[in-house]
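Novice: I am attaching a structure below and will ask some questions about it afterwards.
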Amino acid sequence: MPVFLGGLARRLVSDKLLEEPQAIAATHSAKSQSVPFVAHIVATGLLDERSIAIAAADEFGVPMLDIAAFDLQNCQDKLIDISLIRRHRILPLTTRANSLSLATSDPGNIAVINEIKFHTGMNIEVIVAEEEKLNAAVDEFLLRQEKSYSTIASMANADLDNIEIDSTQREELDEQLNTADETPLVRFINSLLLDAFKMGASDIHFEPYEKTYRVRFRIDGVLHEITRPPIRLTGRLASRLKVMAQIDISEKRVPQDGRIRIKLPQNHTVDLRVNTLPTLWGEKIVLRVLDSHNAPLGIDMLGLEKTQKEHYLNALQNPQGLILVTGATGSGKTATLYSGLSILNTSERNISTVEDPVEINMTGINQVSINTKAGLGFASSLRAFLRQDPDIIMVGEIRDLETAEIAIRAAQTGHLVLSTLHTLNAAATISRLVSMGIPAFNLASTVSLIIAQRLARKLCSHCKESIDIPENILIEEGFSKQQLPRLQLYRAVGCDHCREGYRGRIGFYEVVPITATLSSTIMSNSDSIQIANQIKAEGILSLRESALLKVGLGLTSLDEANRLT
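Have a look at this one:
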């Protein structure tokens with residue numbers, strides 16, 4: 003059976019580094035032994051590794067690196083599963099935007115490159131390294147990882163042993179899962195949770211598929227794949243998480259909700275809201291991280307403009323009225339509400355909140371989590387609050403007419419009420435409440451302030467790169483001619499500190515006080531377009547204008563502003 007020479011083998015022959023019969027024999031032998039071509043010719047002594055690396059770099063038009071001089075601490079160890087590094091003898095070096103630099107001795111092995119591209123979801127920039135030097139670097143890297151894993155595992159056991167599972171659940175866990183067999187699984191889950199906390203993840207996704215299983219973290223609003231545990235662990239991972247969350251381990255046909263409380267050192271407690279979902283290949287489980295230590299509480303932490311901050315503070319000082327914060331899920335509405343509550347939280351005031359669930363624990367505030375199974379919802383909690391001599395009430399979300407009516411009534415009878423809605427902007431908020439069935443005149447006289455907001459990713463200060471954009475494009479994007487002379491825009495690049503060019507988040511805000519003129523517009527049953535026009539006429543900063551201000555200050559990118567506004 004004839005053997006055709008591949009790109010590198012052909013190049014070695016053309017450069018007279020190998021005779022054609024040698025190259026053909028080496029190619030055939032490598033295939034029959036299922037080893038890479040480069041590894042085979044180095045192992046058999048046909049050619050020295052440096053000559054191969056130089057020829058490979060020339061043949062494929064990729065750079066060459068002395069891997070011995072590379073600091074292995076900078077390797078992107080979270081992007082590629084250790085088993086892939088060990089099997090393919092590769093190293094993930096650095097990232098830039100959505101590209102990963104990958105060290106390999108055989109850039110012609112397209113199957114490996116495609117596998118890494120699929121695994122990471124990133125573009126792969128190949129860098130050639132000498133075979134034996136790369137093997138030594140891979141071995142050292144793996145040794146460091148094993149030591150690091152041992153450290154993380156011991157940390158996980160020390161830090162996360164105090165998960166609050168009562169004796170009933172502990173007995174059930176021992177019965178359902180073989181404790182000895184599950185020790186590595188427990189360590190794996192514990193180390194994943196620690197990584198999620200350290201990386202500031204807001205959600206952890208455990209996702210089973212037909213032939214693979216993946217774990218993703220949502221960081222700064224974007225999902226990142228973290229690891230791919232063996233598919234055989236699908237059921238055991240689900241069982242472990244469900245028992246931790248005090249969820250029925252035997253029920254796999256319907257979604258279930260639970261909660262995990264984790265105690266870390268220095269009295270740091272993290273709550274995890276758990277939801278299971280039956281899918282085609284097993285139960286998908288999502289953990290929402292509720293860590294009040296990471297919440298940006300304090301009005302100065304929100305990133306409001308000076309006039310926006312003044313509007314919010316003025317509304318908070320009113321003895322009654324309704325303050326509404328609107329935006330999509332995950333846009334920071336709860337942090338905005340609690341920043342206001344932290345100002346109001348004094349010994350002279352009685353403050354009660356009802357949420358689904360309570361996300362931020364705050365001493366001095368009476369906090370209630372709804373329990374629909376027990377009949378405790380937003381509306382029933384509000385009714386109870388009104389019999390508790392309240393000064394200030396916070397409702398996690400106005401979801402229906404009944405809740406809206408009680409909130410309006412409370413705001414009209416001497417109570418300050420704060421709540422949220424899922425709407426795009428301030429004008430749409432009024433229209434949503436009217437469509438629920440609240441009369442416009444009630445809204446006009448009760449609502450005192452509406453805050454619409456988005457959370458954007460913040461540019462990494464270590465790697466952001468200044469860019470020049472033509473003035474006509476900037477004008478089209480919404481910048482004024484007066485802004486142009488002092489504008490300095492930046493783009494996301496990506497580095498070892500941030501991965502994709504962003505680190506942290508920043509808010510875009512539309513803060514609308516309900517003035518007498520705007521109240522008249524609402525009372526006349528105006529639609530959202532007419533209300534929006536009146537808001538604009540009053541000189542209120544729109545979400546888009548707020549976003550462009552943050553872009554102009556170099557805090558975020560124009561891409562982020564366009565994505566969200």
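In the numbering used here, the protein residues as written are 3 to 567.
Note that beta-carbon positions come from the ideal geometry of N, C-alpha and C, so glycine has one too.
In this text, all values refer to a predicted model and were calculated from it rather than measured experimentally.
1) Please tell me whether SER383 and ILE400 are closer than 8 Å, where the distance is taken between their beta carbons.
2) From this set, LEU95, GLU134 and GLU285, which residue's C-alpha is nearest ASN76's C-alpha?
3) Which residues in the same chain as ALA317 place their Cβ atom closer than 6 Å to its Cβ, once the five residues preceding and following it in sequence are excluded?
4) With DSSP collapsed to three states, give me the class of HIS424.
5) In angstroms with no decimal places, state the Cα-to-Cα distance between ARG411 and LEU418.
6) Buried or exposed: ARG505, going by 16 or more other Cβ atoms within 10 Å of its Cβ?
7) Is it a yes or a no for the region 336-348 touching the region 460-479, going by three-plus beta-carbon pairs under 8 Å?
8) Which runs of the beta strand (DSSP E) at least 3 residues long sit entirely within the region 392-446? Give them in chain order.
9) So does the region 280-288 actually touch the region 228-240, counting three or more Cβ pairs closer than 8 Å?
10) If the criterion is Cβ atoms closer than 8 Å, does the pair ILE87 and LEU144 meet it?
11) For LYS213, tell me which candidate among ASP197, ALA203, ILE353 and PRO231 has the shortest Cα-Cα distance.
12) Between SER584 and ALA534, what straight-line distance do the alpha-carbon atoms span, to the nearest angstrom?
13) On the criterion of 16 or more Cβ atoms from any shown chain inside 10 Å, does PHE443 qualify as buried, or is it exposed?
14) Does DSSP put LYS254 in a helix, a strand or coil?
15) PRO210 lies in the beta strand (DSSP E); which residues open and close that run?
16) Can you tell me the Cβ-Cβ gap for GLN310 and LEU543, rounded? I've got them flagged as a contact below 8 Å.
17) Spatial neighbours of GLU361 within its chain, please: CB distance less than 6 Å, with the 5 preceding and 5 following residues excluded, ordered by chain position.
18) Does the separation of the CB atoms of SER530 and ALA430 fall below 8 Å?
19) Under 8 Å between the Cβ atoms of PRO23 and ALA32?
20) Which one or two residues does DSSP pair with PRO515 in a beta bridge?
21) Specify the secondary structure class of ASN111 as computed by DSSP and reduced to three states.
22) Have a look at the DSSP bridge pairing and note the partners of ASN474.
23) Should ILE126 and LYS119 be called a contact, given that it needs their Cβ atoms to be closer than 8 Å?
24) Grouping DSSP H, G and I as helix and E and B as strand, with all else coil, what is ASN352?
25) Using three-state DSSP, classify GLY223 as helix, strand or coil.
26) Cα-Cα, which of ARG52, PRO441, GLY332 and SER252 is closest to ILE524?
27) Tell me ASN368's beta-bridge partners as DSSP assigns them.
28) Where in the region 62-108 do unbroken runs of the alpha helix (DSSP H), each at least 4 residues long, occur, reported from the N-terminal end onward?
29) Pick out the complete alpha helix (DSSP H) segments inside the region 6-58, 4 residues or longer, and give them in chain order.
30) Could you tell me the distance, in whole angstroms, from the CA atom of GLU479 to the CA atom of THR331?
31) Looking at the strands, I want to know which residues DSSP matches up with VAL568.
32) Round the Cβ separation of PHE1 and ALA240 to the nearest angstrom and send it over; I've been treating them as touching at under 8 Å.
33) Does DSSP put ARG389 in a helix, a strand or coil?
34) State the beta-bridge partners of LEU289 as determined by DSSP.
35) Tell me whether the region 362-376 and the region 547-554 touch, counting them as touching only if at least three CB pairs, one residue from each stretch, are closer than 8 Å.
36) Please report the distance separating the alpha-carbon of GLU512 from that of ALA428.
Specialist: Short version:
1) As a position in the sequence shown, residue 383 is number 381, starting the count at 1. As a position in the sequence shown, residue 400 is number 398, starting the count at 1. Not a contact, by the Cβ cut-off of 8 Å.
2) For the purposes of this step, residue 76 is identified with residue 74 of the sequence shown, where counting begins at 1. Ranking LEU95, GLU134 and GLU285 by Cα distance to ASN76 puts LEU95 first.
3) Reading the sequence shown from its first residue, position 315 is the one you call residue 317. The answer, listed in chain order, is ILE325, SER450 and LEU451.
4) The sequence position of residue 424 within the sequence shown is 422, counting from 1. HIS424: coil per DSSP, three-state reduction.
5) Within the sequence shown, numbered from 1, the residue matching residue 411 stands at position 409. Within the sequence shown, numbered from 1, the residue matching residue 418 stands at position 416. Near 11 Å, if we compare the C-alpha coordinates of LEU418 and ARG411.
6) Looking up residue 505 in the sequence shown gives position 503. Looking at its Cβ environment, which holds 16 or more other Cβ atoms inside 10 Å, ARG505 is buried.
7) no
8) 394-397 and 418-423
9) yes
10) To locate residue 87, count along the sequence shown from 1; it is residue 85. To locate residue 144, count along the sequence shown from 1; it is residue 142. Closer than 8 Å, so yes.
11) Your numbering for residue 213 matches position 211 in the sequence shown. The shortest C-alpha separation from LYS213 is found at PRO231.
12) Since the displayed the chain opens at 3 and closes at 567, residue 584 lies outside it and no answer follows.
13) Position 441 of the sequence shown, counted from the first residue, corresponds to residue 443. By the 10 Å Cβ count, PHE443 comes out exposed.
14) Mapped onto the sequence shown, residue 254 falls at position 252. Three-state DSSP puts LYS254 in coil, outside helix and strand.
15) Mapped onto the sequence shown, residue 210 falls at position 208. Segment 205-210, the beta strand (DSSP E) holding PRO210.
16) Translated into positions along the sequence shown, residue 310 becomes position 308. Translated into positions along the sequence shown, residue 543 becomes position 541. The pair is a contact, with the Cβ atoms about 7 Å apart (cut-off 8 Å).
17) Counted from its first residue, the sequence shown places residue 361 at position 359. Result list for GLU361: LEU292 and THR336, in chain order.
18) On the sequence shown, residue 530 is found 528 positions in, with the first residue counted as 1. On the sequence shown, residue 430 is found 428 positions in, with the first residue counted as 1. Their beta carbons are under 8 Å apart, which means SER530 touches ALA430 by this criterion.
19) Sequence index remark: in the sequence shown, residue 23 carries index 21 (1-based). Sequence index remark: in the sequence shown, residue 32 carries index 30 (1-based). No, Cβ-Cβ distance for PRO23 and ALA32 is not below 8 Å.
20) What you label residue 515 is simply residue 513 of the sequence shown in a count that begins at 1. PRO515 pairs with LEU451.
21) In the sequence shown, counting from the first residue as 1, residue 111 sits at position 109. ASN111: coil per DSSP, three-state reduction.
22) Walking along the sequence shown from the start, residue 474 turns up at place 472. DSSP output for ASN474 lists no bridge partner at all.
23) Numbered from 1 along the sequence shown, position 124 holds the residue referred to as residue 126. Numbered from 1 along the sequence shown, position 117 holds the residue referred to as residue 119. It is a contact, given that the beta carbons lie within the stated cut-off.
24) Locating residue 352 in the sequence shown gives position 350, where the first residue counts as 1. Reduced to three states, the DSSP call for ASN352 is coil.
25) Numbered from its first residue, the sequence shown carries residue 223 at position 221. Looking at GLY223 - three-state DSSP - the assignment turns out to be coil, as it is neither helix nor strand.
26) In the sequence shown, residue 524 corresponds to position 522, counting from 1. Comparing Cα positions, the closest option is PRO441.
27) Start at 1 with the first residue of the sequence shown, and residue 368 comes out as number 366. In DSSP, ASN368 forms a bridge with SER354.
28) 84-90
29) 9-16, 22-35 and 39-45
30) The residue you call residue 479 lines up with position 477 of the sequence shown. The residue you call residue 331 lines up with position 329 of the sequence shown. Their backbone Cα atoms lie some 26 Å apart in a straight line.
31) Here the chain covers residues 3 to 567 and nothing more, so residue 568 does not appear.
32) Since the first residue of the chain shown is 3 and the last is 567, residue 1 is not available in this structure.
33) Taking the first residue of the sequence shown as 1, we reach residue 389 at position 387. DSSP places ARG389 in coil when its eight states are reduced to three.
34) Numbered from 1 along the sequence shown, position 287 holds the residue referred to as residue 289. ILE206 and VAL276.
35) no
36) Looking up residue 512 in the sequence shown gives position 510. Looking up residue 428 in the sequence shown gives position 426. Their backbone Cα atoms lie some 7 Å apart in a straight line.
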